[in-house]
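Protein chains in written order, with this note's numbering: chain A, 1 to 158; chain B, 1001 to 1158.
Cβ coordinates follow ideal geometry from the N, Cα and C atoms, glycine included.
Just so you know, these numbers come straight off a predicted model, no measurement behind them.
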DNA sequence: TATTGTTATACTCTATAACTATA
DNA sequence: TATAGTTATAGAGTATAACAATA
């Protein structure tokens, strides 16, 4: 299962940035699932946990906007984290429509181990390049995710 | 919708390679959909078309293995391409279990315009970096998608 | 016994519409 | 009127199990 088909010419797709992104992302997702599926954690749940830790009291809609997850899709996600006892939902102090999110004591207790496994997971891929290459990769991925549309032509040409 | 929340500290997730990959991939998918959804094309359909063009007569299971798409999931995908009149399924000459795939005349006629739009789409993102940066990015993404598992410790250290 | 194509099925992610209660 | 949370729903991607025909 290493080489899919030596006789197949895959250059047409391998030359595509979008295709390489997809395959690289899939590889990291597979490793992530291997590590965190036994704990019942998926990427969206873990990302929410990390941001709630860094931003205690953050409201659900703000968390969703930061993670690019629609409000409607945040609900079952937060339900899951709450049912697992990792977070608590509180009424927001300044807005009675909103829900403020915090880690529960159990969530705080579990985060160190989660972060350790996450760091191992990340290192498993970062170790395939030099520190300089890694820094540039993070920078370039950041440029790709920026919204370039709606501004006309601002690209200074490469 | 450019800045989700200026008051939110997102460094915990922005420091993750997996998260940056996800966001960069999502940005390219959004642009891809804007271009190709009106034509009824999705990434999997387009990738299949490109590989069938480069590998006329390729059998379905080999195409699936190359694209990392399970055989069971290839069936509705090929049904869709066939129903759209873009490909034809033929009996494989050497194996009566297999199905050989080829572009139909209509598929061949449509591919040039598809490739043009695809190149524009790709250039919209590649233009955000220098040629050298682009080359390194493609290389690094290729390293990430390689199966590093099952070999023990072969990483030469960065 | 293993593989190819296929069907059926299930789960996750994502997207939209509509409702309520607040603002 | 606009927003926060919620519900319901639908589409796409992905995964496994099982079957018939063939290798």
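Opening and closing residue of the alpha helix (DSSP H) in which residue i lies
i, result
"residue 53 of chain A", "43-54"
"residue 76 of chain A", "71-83"
"residue 64 of chain A", "60-67"
"residue 1031 of chain B", "1017-1036"
"residue 133 of chain A", "131-145"
"residue 1012 of chain B", "1011-1014"
Exposure label - residue i; buried when at least 16 CB within 10 Å
i, result
"residue 1020 of chain B", "buried"
"residue 1113 of chain B", "exposed"
"residue 1013 of chain B", "buried"
"residue 1135 of chain B", "exposed"
"residue 1147 of chain B", "exposed"
"residue 1024 of chain B", "buried"
"residue 140 of chain A", "buried"
"residue 90 of chain A", "exposed"
"residue 1071 of chain B", "exposed"
"residue 73 of chain A", "exposed"
"residue 1158 of chain B", "Low local confidence applies: a pLDDT of 25 at residue 1158 of chain B is under 50, so the model's placement there is unreliable, with the coordinate-based value given in what follows. Classification of residue 1158 of chain B: exposed, given that the 10 Å Cβ count is below 16."
Residue from the options with nearest C-alpha to residue i
i, options, result
"residue 1101 of chain B", "B:1051, B:1027, B:1017", "B:1051"
"residue 1108 of chain B", "B:1015, B:1134, B:1085", "B:1085"
"residue 37 of chain A", "A:130, A:117, A:79", "A:117"
"residue 105 of chain A", "A:121, A:53, A:92", "A:53"
"residue 1078 of chain B", "B:1023, B:1048, B:1010", "B:1048"
"residue 1034 of chain B", "B:1120, B:1139, B:1097, B:1008", "B:1120"
"residue 8 of chain A", "B:1129, B:1075, B:1088, B:1065", "B:1065"
"residue 159 of chain A", "A:123, A:92, A:143, A:32", "The structure shown does not extend to residue 159 of chain A, since chain A is modelled only from 1 to 158, so the question has no answer here."
"residue 39 of chain A", "A:111, A:144, A:130, A:127", "A:111"
"residue 1087 of chain B", "B:1015, B:1046, B:1132", "B:1046"
"residue 1125 of chain B", "B:1017, B:1016, B:1015, B:1026", "B:1026"
"residue 97 of chain A", "A:103, A:59, A:15, A:30", "A:59"
"residue 1018 of chain B", "A:10, A:99, A:80, A:30", "A:30"
"residue 16 of chain A", "B:1122, B:1032, B:1115", "B:1122"
"residue 94 of chain A", "A:57, A:115, A:43, A:127", "A:57"
"residue 1080 of chain B", "B:1069, B:1042, B:1115, B:1055", "B:1042"
"residue 10 of chain A", "B:1075, B:1055, B:1011", "B:1055"
"residue 1099 of chain B", "B:1075, B:1028, B:1144", "B:1075"
"residue 1133 of chain B", "A:137, A:103, A:22", "A:137"
"residue 143 of chain A", "B:1129, B:1115, B:1063, B:1032", "B:1129"
Listed by chain order, chain B residues near residue i by CB distance under 9 Å
i, result
"residue 54 of chain A", "1008, 1009, 1010, 1011, 1012, 1013"
"residue 43 of chain A", "1018, 1019, 1022"
Proximal residues of chain A, C-beta to C-beta of residue i below 9 Å
i, result
"residue 1092 of chain B", "What residue 1092 of chain B touches in chain A: nothing, since even the nearest Cβ is about 14 Å away."
Residue range of the unbroken beta strand (DSSP E) whose run includes residue i
i, result
"residue 1103 of chain B", "1099-1103"
"residue 89 of chain A", "87-91"
Residues that residue i contacts on chain B, provided the C-beta gap is smaller than 8 Å
i, result
"residue 28 of chain A", "1017, 1018, 1021, 1144"
"residue 124 of chain A", "1148"
Where residue i meets chain B, residues with beta-carbon distance less than 7 Å
i, result
"residue 113 of chain A", "Within chain B, no residue comes near residue 113 of chain A; the closest Cβ sits about 16 Å away, beyond 7 Å."
"residue 58 of chain A", "1008"
Neighbouring residues, chain A, relative to residue i (Cβ below 7 Å)
i, result
"residue 1047 of chain B", "13, 19"
Chain-ordered chain A contacts of residue i [CB-CB under 8 Å]
i, result
"residue 1050 of chain B", "12, 13"
"residue 1032 of chain B", "18"
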